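Structure, as structure tokens:
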Amino acid sequence: MELKIKNFMDLVNVRSQHEPEFLQAVEEVAEAIIPYIASQPHYSGNNLLLRMVEPERVIIFRVPWVDDTGEIVVNRGFRIEMNSAIGPYKGGLRFHPSVNLSILKFLAFEQVFKNALTNLPLGGGKGGSDFDPKGKSDDEIMRFCQSFMGELFRHIGPNTDVPAGDMGVGAREIGYMFGMYKKLRNEFTGILTGKGMSWGGSYIRPESTGYGTVYFAQSMLGTRGDTLEGKTITISGSGNVAQYACEKATELGAKVVTLSDSSGYIYDKDGIDEEKLAFVMELKNVKRGRISEYVTAYPKAQFFEGQTPWSVPCEVAMPCATQNELNEEAAKTLLSNGCFVVSEGANMPSTPKAVEAFQAKRILYAPGKASNAGGVATSGLEMSQNSIRIKWTREEVNEKLKTIMNEIHESCIQYGKQEDGYIDYVVGANIAGFVKVADAMLAQGVV
Ligand code: GLU
188 MELKIKNFMD
198 LVNVRSQHEP
208 EFLQAVEEVA
218 EAIIPYIASQ
228 PHYSGNNLLL
238 RMVEPERVII
248 FRVPWVDDTG
258 EIVVNRGFRI
268 EMNSAIGPYK
278 GGLRFHPSVN
288 LSILKFLAFE
298 QVFKNALTNL
308 PLGGGKGGSD
318 FDPKGKSDDE
328 IMRFCQSFMG
338 ELFRHIGPNT
348 DVPAGDMGVG
358 AREIGYMFGM
368 YKKLRNEFTG
378 ILTGKGMSWG
388 GSYIRPESTG
398 YGTVYFAQSM
408 LGTRGDTLEG
418 KTITISGSGN
428 VAQYACEKAT
438 ELGAKVVTLS
448 DSSGYIYDKD
458 GIDEEKLAFV
468 MELKNVKRGR
478 ISEYVTAYPK
488 AQFFEGQTPW
498 SVPCEVAMPC
508 ATQNELNEEA
518 AKTLLSNGCF
528 VVSEGANMPS
538 TPKAVEAFQA
548 KRILYAPGKA
558 SNAGGVATSG
568 LEMSQNSIRI
578 KWTREEVNEK
588 LKTIMNEIHE
598 SCIQYGKQED
608 GYIDYVVGAN
618 IAGFVKVADA
628 MLAQGVV
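Heads up: the sequence shown begins at 188 in my numbering, then just goes up one per residue.
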């Protein structure tokens with residue numbers, strides 16, 4: 188089996204040797220799926236995984252725009268249309284200077300499995316740009332978004348490809364891009380999710396990734412007859428996912444003690460309660476400030492410059508910042524401090540060695556494609572509401588989100604429960620996602 192996996196990775200490597208993040212994401216899936224395919228004769232011999240690692244289409248384009256000083260700036264835009272076997276391409280747009288083909292292909296590949304896990308008819312895609320929104324004026328953001336959509340509009344549509352937000356793309360950017368699409372096409376239609384509440388957005392969409400990550404942690408704890416109540420939680424990040432994970436965890440009786448951004452982390456041993464979280468939301472979403480300012484408002488808290496929060500003792504960790512933010516050393520520190528639940532809010536935040544360390548200690552570890560699927564699931568619900576031109580209530584959407592997260596958890600158990608009773612959520616999530624996409628691909632022939 189080892190040899191089969193190695194041979195497969197060698198093949199992928201030929202075309203993607205300069206794409207480390209993509210190779211990392213593929214290897215994790217290959218390790219779970221290749222042994223499974225070998226045990227299921229009807230999947231064997233169809234080169235299904237080989238077809239899945241090749242995007243159906245990659246679009247790369249120029250994004251020229253004029254900054255506030257009158258200078259013409261050129262960024263690179265991307266859209267990876269990875270797999271449409273079970274629905275229109277679906278996945279976010281990331282605006283961040285680190286964006287490149289490797290990162291977007293890894294995200295698009297993860298998205299295929301994640302979206303399948305939601306049981307909604309969503310294919311997988313991802314896109315974005317190496318544009319850095321940090322420090323840009325509102326006008327610059329608008330001009331950039333308009334230029335970006337000036338090309339992307341040709342490739343998307345409610346039945347073709349439906350982007351959403353990701354890092355650097357929130358309600359403001361979605362608004363500017365939606366406006367440009369509407370002007371160019373002269374149609375008001377659900378081509379993006381994460382829209383504003385008064386123009387086609389869904390309740391709970393902003394909250395859903397963070398809420399879902401917490402619901403998933405709650406389900407994992409449930410397998411051991413435990414709950415989040417009274418638990419100490421470390422969260423990394425301070426964007427949309429981290430904020431709402433903090434909100435829901437606190438509501439369920441846990442104490443969240445850390446948040447972070449690229450400059451460092453804050454530790455508040457008394458817990459980041461509702462009032463303090465409101466401060467963080469204003470700071471991050473409106474003033475677009477740095478997390479270090481938290482300690483000016485709450486002097487009992489501490490700021491640790493340039494560090495990640497994983498040395499803080501906790502029972503539950505929720506990495507909600509970015510890929511590979513939690514390495515082996517951090518994993519070992521978490522474990523030695525008593526952490527026994529990790530629910531990923533970001534995509535692939537733990538390195539392979541960190542995952543190995545978690546699983547070796549048999550802790551409750553959920554990969555992002557399972558635990559952060561609540562965001563895209565609610566995007567799927569937004570698409571449904573747009574199609575039937577109706578708006579469900581907050582309660583209705585939240586109930587549907589809970590049901591979906593619960594079903595994802597059940598699927599992970601179905602395919603990931605080991606002989607000794609340990610639930611391998613990585614294997615479970617990958618196989619459950621694969622089965623759905625593979626069945627559709629087999630039914631639709633070699634296309
Ligand atoms: N960017 C989010 C993710 O990683 C959401 C994608 C979407 O809603 O389409 O799943």
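Yeah, the Cβ is synthetic: ideal placement off N, Cα and C, and Gly gets one too. Keep in mind that this is a model prediction, so the values were computed, not measured.
Proximity of the stretch 470-483 to the stretch 374-391 falls short of the contact definition, fewer than three beta-carbon pairs being nearer than 8 Å. Between the stretch 199-207 and the stretch 222-231 there are fewer than three C-beta pairs closer than 8 Å, too few to call the two in contact. Exclusion of the five residues before and after Phe340 leaves Tyr368 and Leu371 as the residues of its chain whose Cβ lies within less than 6 Å of its Cβ. Here the stretch 491-500 does not lie against the stretch 314-330, with fewer than 3 beta-carbon pairs under 8 Å apart. Thr396 places its beta carbon less than 7 Å from that of Asn559. If you draw a straight line from the Cα of Asp457 to the Cα of Glu516, it is about 26 Å long. Between the stretch 374-385 and the stretch 515-531 there are fewer than three inter-stretch CB-CB distances shorter than 8 Å, so the stretches are not counted as touching.
Ser450 and Val542 have their C-alpha atoms some 25 Å from each other. Secondary structure in the stretch 284-349: the beta strand (DSSP E) runs of 3 residues or longer, each lying completely within the stretch, are 311-316 in chain order. The C-beta distance from Pro506 to Gly532 rounds to 7 Å, short enough to fall under 8 Å.
Leu439 sits in coil when the DSSP states are folded into three classes, being neither helix nor strand.
The Cβ-Cβ distance between Val563 and Asn302 falls below 7 Å. By the Cβ-count criterion, Arg249 is exposed, with fewer than 16 other Cβ atoms from all chains shown falling within 10 Å of its own Cβ.
The alpha-carbon separation between Glu338 and Phe331 amounts to approximately 12 Å. For Arg263, the three-state secondary structure derived from DSSP is strand.
The C-beta of Ser537 has 16 or more other C-beta atoms within 10 Å across all chains shown, which makes the residue buried.
Taking a C-beta distance under 7 Å as the contact criterion, Cys599 and Ala557 qualify as a contact pair. Comparing C-alpha distances from Asn427 to each of Gly440, Gly399, Leu439 and Lys277 shows the shortest one belongs to Gly399. The C-alpha of Leu294 is placed about 27 Å away from the C-alpha of Asp325.
In the DSSP assignment, Tyr454 falls within the beta strand (DSSP E) that extends over Gly451 to Tyr454. The beta-carbon distance between Val199 and Val213, rounded to whole angstroms, is 5 Å. This is short enough to meet the 8 Å contact definition.
A residue is called buried once 16 or more other Cβ atoms fall within 10 Å of its Cβ, and Asn373, having fewer, is exposed.
The continuous stretches of beta strand (DSSP E) do not include Lys548, and DSSP gives it neither H nor E. The way I'd put it, the stretch 614-629 does touch the stretch 586-604; three or more beta-carbon pairs between them come closer than 8 Å.
Sequence-distant Cβ neighbours of Pro345 in its own chain, meaning closer than 8 Å and more than five residues away, are Pro275, Thr376, Gly377, Ile378, Met570, Asn573 and Ser574. For Leu415, the secondary structure class from DSSP, reduced to helix, strand or coil, is coil. In the three-state scheme derived from DSSP, where H, G and I count as helix and E and B as strand, Gln631 is classed as helix.
Under the DSSP definition of a beta bridge, Gly278 partners with Pro350. When the alpha-carbon of Thr419 is set against those of Tyr431, Asp413 and Ala441, the nearest one is in Ala441. Between Thr380 and Ser226, the gap from beta carbon to beta carbon reaches 7 Å or more. Remark: C-beta atoms of Gly315 and Met269 do not approach each other more closely than 7 Å. A distance criterion of 6 Å places the beta-carbon of Thr380 in contact range of ligand 1, judged by its closest non-hydrogen atom.
In this structure, Met628 and Thr509 do not form a Cβ contact; the two beta carbons are roughly 30 Å apart against a cut-off of 8 Å.
Residue pairing for Leu446: DSSP places it in a beta bridge opposite Ile453.
Ala219 carries a helical assignment under DSSP once its states are collapsed to helix, strand and coil.
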